[in-house]
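**Student:** Let me give you the structure first, and then I'll get to my questions.
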Amino acid sequence: MASIIITSGEQQGEFLPLGRRTSVIGRAENLPLQLLDGAVSRKHLRIRYDEATKQYYVEDMGSTHGTLLNQRRIEAAALLTEGDELRIGRTTLLFTDQDLDDRESALSHYKKFGERSRPTHLA
Numbered sequence: 004m005a006s007i008i009i010t011s012g013e014q015q016g017e018f019l020p021l022g023r024r025t026s027v028i029g030r031a032e033n034l035p036l037q038l039l040d041g042a043v044s045r046k047h048l049r050i051r052y053d054e055a056t057k058q059y060y061v062e063d064m065g066s067t068h069g070t071l072l073n074q075r076r077i078e079a080a081a082l083l084t085e086g087d088e089l090r091i092g093r094t095t096l097l098f099t100d101q102d103l104d105d106r107e108s109a110l111s112h113y114k115k116f117g118e119r120s121r122p123t124h125l126a
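Sequential numbering from 4 applies to the sequence shown in my numbering.
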């Protein structure tokens with residue numbers, strides 16, 4: 004399974020286990036992951052699991068400000084892979100193919116990911 008971790012914004016550290024279903028993320032109260040960000044549309048993006056390919060895809064749902072995947076605006080469904088960063092409004096989300104159980108495991112995974120992605124400075 005996979006998860007989404009909020010890595011910046013008011014809700015930093017919250018996460019959403021994705022399972023094998025379609026999940027919609029946005030500002031609407033009835034969504035599995037509601038973002039409290041005025042620059043996020045009510046139904047901003049959709050993350051869909053494809054049973055045939057066993058992979059996850061992200062699609063913008065016609066949001067006002069768009070969705071960035073690794074700093075590039077997406078216009079159509081895009082494949083998600085470990086460590087991909089989604090930016091919607093003023094909120095950043097991290098996609099991981101890890102199935103996280105709780106907030107502590109989400110924060111621990113994010114911390115480990117951050118350590119791996121930091122450049123090494125040689126003296």
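Each residue gets a CB set at the ideal place from its N, CA and C atoms; glycine is no exception.
Can you say whether G92 is buried or exposed, counting buried as having 16 or more other CB atoms within 10 angstroms of its CB?
**Tutor:** So G92 ends up on the buried side.
**Student:** Go to I8, then tell me how far its beta strand (DSSP E) extends in each direction, as first and last residue.
**Tutor:** Residues 6–11.
**Student:** Roughly how many angstroms lie between the CA atoms of D128 and P35, to the nearest whole one?
**Tutor:** The requested residue 128 is not part of the displayed model; the chain covers only 4 to 126.
**Student:** For T94, which three-state DSSP category applies?
**Tutor:** Reduced to three states, the DSSP call for T94 is strand.
**Student:** Sorted by chain position, which residues of the same chain lie with C-beta nearer than 6 Å to T70's C-beta, five sequence neighbours on each side aside?
**Tutor:** These residues qualify, in order along the chain: L48, D63, I77, I91.
**Student:** Note the first and the last residue of the continuous beta strand (DSSP E) segment covering V27.
**Tutor:** Segment 26–29, the beta strand (DSSP E) holding V27.
**Student:** By Cβ distance, which residues of its chain are closer than 8 Å to A79, with the 5 residues on each side in sequence left out?
**Tutor:** Answer for A79: E62, listed in chain order.
**Student:** Nearest by alpha-carbon distance to I9: which of N33, A31, Q37 is it?
**Tutor:** If we check each option's Cα against that of I9, Q37 comes out closest.
**Student:** What would DSSP say about R51, mapped onto helix, strand or coil?
**Tutor:** In this structure, R51 counts as strand in the three-state DSSP scheme.
**Student:** Is it right to say A55 is buried, meaning 16 or more other beta carbons lie within 10 angstroms of its own, or is it exposed?
**Tutor:** Exposed.
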